[in-house]
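Visitor: Pasting a structure here, questions to come.
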Amino acid sequence: MDKDKIVELLNQDLQDEHGAIIQYLTHAYAMGEGEMACEIEANARDEMRHLDWLAETIVELGGVPSLKRGKMLMGGKSVSDWMSNNVRLEEGAIKQYQEHIKAMDDPKIKRLLKRILSDEEAHRGDFEHFVEKSQREGAKDIRGDRQDKVAETLNWGIEHEYTVVLQYLLHSYLSPNKDVKQQMEDQAINEMQHLGWLAEEMVGGGGNPRIEHTKVDQSTKTADMLQADIKIEKEVAAAYDRASKELEDPGLKKLLLRIRDNENYHIDVFNDLLKAEEKK
Ligand SMILES: [Fe+2]
Ligand SMILES: [Fe+2]
Ligand SMILES: [Fe+2]
């Protein structure tokens, strides 16, 4: 199989990992605190690792990791329906990985896909168990449909955080600069935390997190990437600062200021990286 074809298949897998992450996070957030939500979130974290391994392999082959979101099964009236959807999503992934393992010649890539496949098989078992467990325990969707200024601000934040998670991951995959790679990956994880905090705040306050993203910077030169990243950080640090002053709830104020301080830290880190990159 030629490289382009391998990259195409791996990108298909990567897109579906992306879809699975969002599907599982949506469920975990919607259920609020609790053991099952934690376990679903842990499965989402496994899918993040898969996404990471696939993206690194694609880059090693000279390809570009896709940012498209793949298959999702988001319907269902009850938590138990959602868990059945998750079983079906895992079954689709298992079938696709089995096909891709057969199609690959490279032993290293075959081995990687087999490694991922074993996780998907475990996830299928988890979700099968959750179909029954959610019925038995009466697990509920605790989201509301809050539509005020707070909900608007939180959804703005979620949209931003999701966008920079994708952007920083892409930059970390595409930059040849080792320090940039490492920092971008680290900060992407921090942005992922922000997304989680905001989504949990939203659900706790009777809202419904909308997990969609806006345009991701696709620069190919490291300096251009860092410039785009600094620009977006400056904009959002200012926006979080403004929002923290406008909103009344002291807990929410504190949360937004904590995120703002993290964003200011990102600006400093990225500025240092940009200076070092420009000296090269
Ligand atoms: Fe996966
Ligand atoms: Fe953030
Ligand atoms: Fe940031």
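Residue numbers (our numbering): -18 to 261.
Idealized CB from N, CA, C, for every residue including glycine.
If you're wondering where the values come from, they're calculated on a predicted model, not measured in any experiment.
1. If distances are taken between C-alpha atoms only, which option among Gly177, Leu238, Glu227, Asp210 comes closest to Ala264?
2. With H, G and I counted as helix, E and B as strand and the rest as coil, what does DSSP make of Asn158?
3. Pairing CB atoms from the stretch 93 to 102 with CB atoms from the stretch 26 to 34, are three or more of them under 8 angstroms?
4. Report the rounded CA-to-CA distance for Glu166 versus Asp160, giving the unit in angstroms.
5. Under 7 angstroms: does the beta carbon of His175 sit that close to some heavy atom of ligand 2?
6. Consult DSSP for Gln148 and reduce its assignment to one of helix, strand or coil.
7. Under 8 angstroms, do Gly186 and Arg223 count as touching if we go by C-beta distance?
8. In angstroms, rounded to a whole number, what distance separates the CA positions of Gln208 and Leu255?
9. Is any non-hydrogen atom of ligand 4 found closer than 7 angstroms to the C-beta of Gln208, if you look at the structure I gave you?
10. Just the C-alpha distance for Ala220 and Asp87, rounded to the nearest angstrom, thanks.
11. Of the residues Ala204, Gln116, His247, Arg239, which one's Cα is nearest the Cα of Ala257?
12. Ends of the alpha helix (DSSP H) at Lys49?
13. Under 8 angstroms between the Cβ atoms of Val184 and Ala11?
14. Please work out which residues of its chain come closer than 6 angstroms, Cβ to Cβ, to Asp210, disregarding the five sequence neighbours upstream and downstream, and give them in chain order.
15. Given a threshold of 16 other Cβ atoms within 10 Å of its Cβ, counted over all protein chains shown, does Arg50 qualify as buried or as exposed?
16. Considering only residues of the stretch 71 to 141, which uninterrupted beta strand (DSSP E) runs meet the minimum length of 3 residues and lie entirely inside it, listed in chain order?
Guide: Checking against the coordinates, here is how it stands:
1. The shown model of the chain, from -18 to 261, leaves out residue 264, and the question about it has no answer.
2. In the sequence shown, counting from the first residue as 1, residue 158 sits at position 177. Coil.
3. yes
4. For this step, residue 166 is matched to residue 185 along the sequence shown. For this step, residue 160 is matched to residue 179 along the sequence shown. Using only the alpha carbons, I get a separation of about 10 angstroms.
5. The sequence position of residue 175 within the sequence shown is 194, counting from 1. His175 Cβ: within cutoff of ligand 2.
6. Within the sequence shown, residue 148 is the residue found at index 167, counting from 1. Of the three classes helix, strand and coil, the one that applies to Gln148 here is helix, per DSSP.
7. Reading the sequence shown from its first residue, position 205 is the one you call residue 186. Reading the sequence shown from its first residue, position 242 is the one you call residue 223. Cβ atoms of Gly186 and Arg223: not closer than 8 angstroms.
8. In the sequence shown, residue 208 corresponds to position 227, counting from 1. In the sequence shown, residue 255 corresponds to position 274, counting from 1. About 7 angstroms.
9. Within the structure as shown, ligand 4 is missing, the only ligands being ligand 1, ligand 2 and ligand 3.
10. Start at 1 with the first residue of the sequence shown, and residue 220 comes out as number 239. Start at 1 with the first residue of the sequence shown, and residue 87 comes out as number 106. Using only the alpha carbons, I get a separation of about 48 angstroms.
11. The residue labelled residue 257 in the question sits at position 276 within the sequence shown. Looking at the Cα atoms, Ala204 is the closest of the given residues.
12. Here residue 49 refers to the residue found at position 68 when the sequence shown is read from its first residue. It is not in any alpha helix (DSSP H) - Lys49 carries neither H nor E in the DSSP assignment.
13. The residue given as residue 184 occupies position 203 in the sequence shown. The residue given as residue 11 occupies position 30 in the sequence shown. Yes, they are a contact pair.
14. Taking the sequence shown and counting its residues from 1, the one referred to as residue 210 is at position 229. Excluding residues within five positions, the ones whose Cβ falls inside 6 angstroms are Phe251.
15. By one-based count along the sequence shown, residue 50 stands at place 69. Flag for Arg50 reads buried.
16. none
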